[in-house]
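**Student:** According to mature numbering (1 follows the signal peptide of the UniProt record, and there is no 0), the residues represented by the sequence shown are -18 to -1, 1 to 309, in order.
Note that CB positions come from ideal geometry on N, CA and C, so glycine has one too.
Shown below is the structure under consideration.
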Amino acid sequence: MFLVLFVVFLVTPTHCLGHQCLPKQHVALFIFGDSLVDAGNNNNYINSTTEAQANYGPYGETFFKYPTGRFSNGRIIPDFIVIHYSLDFIAYKAASGGVFFRCGTPKDAVIDLKTQLQYFKKLEKLLREKLGVGETKTLLARAVYLINIGFDGYGVLLFTTNSSALQSYPQEEYEIYKKGGRKFVIPNLGPFGCLPFARALNRALGNTGACLQEVNPIVKLHNEELSKVLQELEGEFNGFKYSIVNSYTYLSEIIHNPSNYGFKESRIACCGTGPYRGMFSCGGNEYVFLDSIHPSEKASQQFVELMWNGTLNITGPYNLKEFFENK
């Protein structure tokens, strides 16, 4: 799992950090998460294994025409959020002159949660020095915090119960809340048992290539507990707002009815090796899945549409549009 942070600002610049300027009225988007939102940390800022990198074709072939480190044939969730609201994009790397946080589940690809939060605090301090306490407080309060943590953690552990991913949410959000964060967007976990990797594993166990049914109840339990945790945080912290994006419902629907969403194949990854091509990686927008666990560019784009203006059965009690437009 990796943690990526993008800072997105809107309107006319009036303040500058080095060569980059911040607008007078701005909404910032902070993205903490795993490989679904990783724009290249796996290649450039962490000593990850080859299997945990996306620096070779056909990654990137559809949109960028070359691999960027995104686990996609093109753009990923943060790219489409930026595009959707016509936002200007400024990215910083922490410690060495900017801010790119990431955390990993593989042992050789880990920056732990404590370190992530330390980097975020460094950014908050930098903003206070450059913008002043009052303006920094306003910026962080208006900001939207997308936290997509848990996907890689469950996947790498071969779908065994991983309570640490859920336990991290209250502490992480509280630390961000103390620095001024108020609006949190949390996608819940999708039906991991129906990913190509899980189907391949099921086949290897001597079964059919159907969904690995033992996994999805664990995911559902996680999602139920996540809802409870966020409700408790809302009641405990003044001004705390959250949006759960129902990845499980969306992905289940698209897997079972791919043609309704413009896809030809939802069980088999576009590329890979082994049964159901669930053992390695590739790309292509006729497929729901790019590789054994990551969605194609097209699937990510559709997911962001639901995040942006989805109804309560998919994203609620707020959607992303409401968070950005209600400053």
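#1: Cα-Cα, which of P240, P199, K303 is closest to E287?
#2: Whole-angstrom Cβ separation of C105 and G15, contact assumed at under 8 Å?
#3: How would you label S241, buried or exposed, when you count the other beta carbons within 10 angstroms and need 16 or more for buried?
#4: Once the 5 residues before and after K119 are set aside, which same chain residues still bring their CB inside 8 Å of it?
#5: F305 lies in the alpha helix (DSSP H); which residues open and close that run?
#6: Out of V167, G266, G221, which has the shortest C-alpha to C-alpha gap to P40?
#7: On a CA-only basis, which of Q35, K210, I168 is nearest Y300? Give me that one, please.
#8: Just the Cα atoms here: how many angstroms apart are G51 and Q98?
#9: In the DSSP output, which residue or residues are listed as bridge partners for T297?
#10: For Y269, which three-state DSSP category applies?
#11: With DSSP run on the structure shown, which of helix, strand or coil describes P173?
#12: Start and end of the beta strand (DSSP E) containing N130?
#13: Which two residues bound the contiguous alpha helix (DSSP H) that contains I63?
#14: Using the rule of at least 16 other Cβ atoms within 10 Å of the residue's Cβ for burial, across every protein chain shown, is H204 buried or exposed?
#15: Measure from the alpha carbon of V64 to the alpha carbon of each residue in L108, V126, G217, then state which is nearest.
#16: Find the nearest neighbour of G56 within the set F12, K112, N220, S278, judged by alpha-carbon distance.
#17: Where does K280 fall in DSSP's three states?
#18: Is K165 near F12, with beta carbons less than 7 Å apart?
#19: Go to I13, then tell me how far its beta strand (DSSP E) extends in each direction, as first and last residue.
#20: From L140 to P60, what does the alpha carbon distance come to, in whole angstroms?
#21: For the candidate residues L121, L183, E307, whose alpha-carbon lies nearest to that of G191?
#22: Which same chain residues end up closer than 7 Å to Y48 when comparing Cβ atoms and leaving out the 5 residues on each side of it in sequence?
#23: What residue range does the alpha helix (DSSP H) around Q213 cover?
#24: So, helix, strand or coil for K165, using DSSP?
#25: Could you check the C-alpha separation between E155 and V201 for me, to the nearest Å?
#26: Thinking C-beta only, is P173 closer than 7 Å to L113?
**Tutor:** According to the data block:
#1: Of the candidates P240, P199, K303, K303 places its Cα closest to the Cα of E287.
#2: The question names Cys, yet the displayed sequence has Leu at residue 105. L105 to G15, Cβ: 16 Å. No contact.
#3: Exposed, since its Cβ has fewer than 16 Cβ neighbours within 10 Å.
#4: Spatial neighbours of K119 in its own chain (CB-CB distance under 8 Å, excluding positions within 5 residues in sequence) are listed in chain order as G162.
#5: Unbroken alpha helix (DSSP H) run through F305: 302 to 307.
#6: Minimum Cα distance to P40 is reached at G266.
#7: Comparing Cα-Cα distances from Y300 to each of Q35, K210, I168, the minimum goes to I168.
#8: Cα to Cα, G51 sits roughly 20 Å from Q98.
#9: V227.
#10: Correct three-state label for Y269: strand.
#11: Note: P173 maps to coil in three-state DSSP.
#12: That run of the beta strand (DSSP E) goes 126 to 130.
#13: In the DSSP assignment, I63 falls within the unbroken alpha helix (DSSP H) covering 59 to 66.
#14: With a 10 Å radius around the Cβ and a threshold of 16 neighbouring Cβ atoms, H204 comes out buried.
#15: Nearest of L108, V126, G217 to V64, Cα basis: V126.
#16: Of the listed residues, the one whose Cα sits closest to G56 is S278.
#17: Residue state, collapsed to three classes: helix.
#18: The Cβ-Cβ distance between K165 and F12 does not fall below 7 Å.
#19: Note, I13: beta strand (DSSP E), 11 to 15.
#20: Per-residue confidence for L140 stands at a pLDDT of 41, beneath the threshold of 50, marking its modelled position as unreliable; the derived number appears in the next sentence. Approximately 26 Å, taken between the alpha carbons.
#21: Comparing C-alpha distances from G191 to each of L121, L183, E307 shows the shortest one belongs to L183.
#22: Sequence-distant Cβ neighbours of Y48 in its own chain, meaning closer than 7 Å and more than five residues away, are G42.
#23: First-last of the alpha helix (DSSP H) with Q213: 198 to 218.
#24: DSSP places K165 in strand when its eight states are reduced to three.
#25: Straight through space, the alpha carbons of V201 and E155 are spaced by roughly 21 Å.
#26: No.
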